[in-house]
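Reading through the structure tokens given below for one structure.
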Amino acid sequence: MADNSRRTLAIALAFLLAIAGALLFASRASRQAHHLRTANEPIHGWMSIPFIAHTHHVPSSMLFAAIGVEPRQPHDHRSVRHIAHELNRPVPELIAQLQKAIDAAQPPGGKPK
Amino acid sequence: MNEQLLSLVTQYGPLALFGIVGIAAVGVPLPITLLLIVVGSMVSQGAMDIWLAMAAASAGSILGDQAGYAIGRWGGTAAVAKLTGFLGKKGSLDAMEAKARAWGGPGIFLTRWLLSPLGPWINLASGTAGYPWHRFLFWDILGEVTGAAVYISLGRVFSDRVMALDGVLGDMTWAVGALLVAVVLGYQLWKRLRKR
């Protein structure tokens, strides 16, 4: 009988914990969703230059020019990591250069449409 | 490793996508949701054809799932033990087998896309539990095509917000998982309290 009560109590605690977890993650998701359109998208080494240009609403030709690379035709889908390897330069340095070019292209306080 | 996989997809497109989702479906933990969102973004930029992307993502996942099911069903105890050891706790397979029996087709469908971390376990457990292959295939195809369509479409809509969207979806998956656990525990609790 005591074992049964203890088991019921354990299930009740686990139930409350699961509810708390669901609420916590749902609130985090909703908070992130709220900032979805305004959050700054970070640049990662796996991204290609056209991909970065698209996520930051700037021309890809400008980004290629900023890192001194001639884009391959018709599509250049090399990742930043790949380009850095070809240029024999560190990835963070290339990312910083791209970020600087994006910041310079965007008007203060907002992104170009 | 995630960075390299994502750059493989941005560089080599559907072929890389097919291989990566197939490997993930067998049980290797890879960021498939993010991958599909990135593919959706690439589709919106005109860097990949939507139908090709959908076909590669669905076919790769289905093949991987079928491999997991086949190992469970016909692989023998040694192969099953090896894969369960690779997936995590060995004792969990019995629990998953019970879940696979209880949830049936809808369980297979939901673990293809909404509760995808459980997918490889359900593949294996469906095989060991002797769940009929034609039914497994039906729910598997339905679930994987739904998953590919949902995440690639989300990637298309939020093509300039892939990382932020991945964060939202990650938290939502955990929230849905916790909610399902709460429903199961709540039902058990209700049954116990009613008996008294």
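From first to last, the protein sequence lines are chains R and V.
Our numbering puts the first residue of the first sequence at 266, with every later residue one more than the last.
Our numbering puts the first residue of the second sequence at 32, with every later residue one more than the last.
Yeah, the Cβ is synthetic: ideal placement off N, Cα and C, and Gly gets one too.
Residue i - DSSP class collapsed to helix/strand/coil
i, result
"S238 of chain V", "Because chain V here runs from 32 to 227, residue 238 of chain V falls outside it and cannot be looked at."
"S190 of chain V", "coil"
8 Å Cβ cut-off: residues of chain R touching residue i
i, result
"G71 of chain V", "Ordered by position in chain R, no residue passes the 8 Å Cβ test against G71 of chain V, which lies about 12 Å from the chain."
"L196 of chain V", "L301"
"T41 of chain V", "W311, M312, S313, F316, H342 and S344"
Short Cβ contact (8 Å threshold) for residue i with residue j
i, j, result
"A304 of chain R", "A195 of chain V", "yes"
"A229 of chain V", "D96 of chain V", "With chain V covering 32 to 227 only, the question about residue 229 of chain V has no answer from this structure."
"V111 of chain V", "G99 of chain V", "no"
"W152 of chain V", "G174 of chain V", "no"
"A287 of chain R", "L146 of chain V", "no"
"S313 of chain R", "S344 of chain R", "yes"
"Q359 of chain R", "A366 of chain R", "Reading the sequence as shown, one finds Leu at residue 359 of chain R and not Gln. Going by C-beta atoms, L359 of chain R is not nearer than 8 Å to A366 of chain R."
"A87 of chain V", "L39 of chain V", "no"
Contact set between residue i and chain R, taken where Cβ atoms lie within less than 9 Å
i, result
"W105 of chain V", "In chain order: nothing, as chain R lies at least about 36 Å away."
Residue-chain proximity (residue i, chain V), Cβ-Cβ < 8 Å
i, result
"E358 of chain R", "no"
"M327 of chain R", "no"
"L352 of chain R", "no"
"R271 of chain R", "no"
"G286 of chain R", "yes"
"Q371 of chain R", "no"
"R293 of chain R", "yes"
"Q297 of chain R", "yes"
"I332 of chain R", "no"
Minimum Cβ-Cβ distance from residue i to chain R less than 8 Å
i, result
"F167 of chain V", "no"
"W205 of chain V", "yes"
"G126 of chain V", "A small fix is needed here, since residue 126 of chain V is Ala in this sequence, not Gly. Chain R contact via Cβ: absent."
"R225 of chain V", "no"
"S184 of chain V", "no"
"G217 of chain V", "yes"
Interface partners of residue i on chain V, CB under 7 Å
i, result
"P307 of chain R", "M194"
Review point. Are the segment 323-340 of chain R and the segment 85-96 of chain V touching by the rule of at least three beta carbon pairs closer than 8 Å?
Key: no
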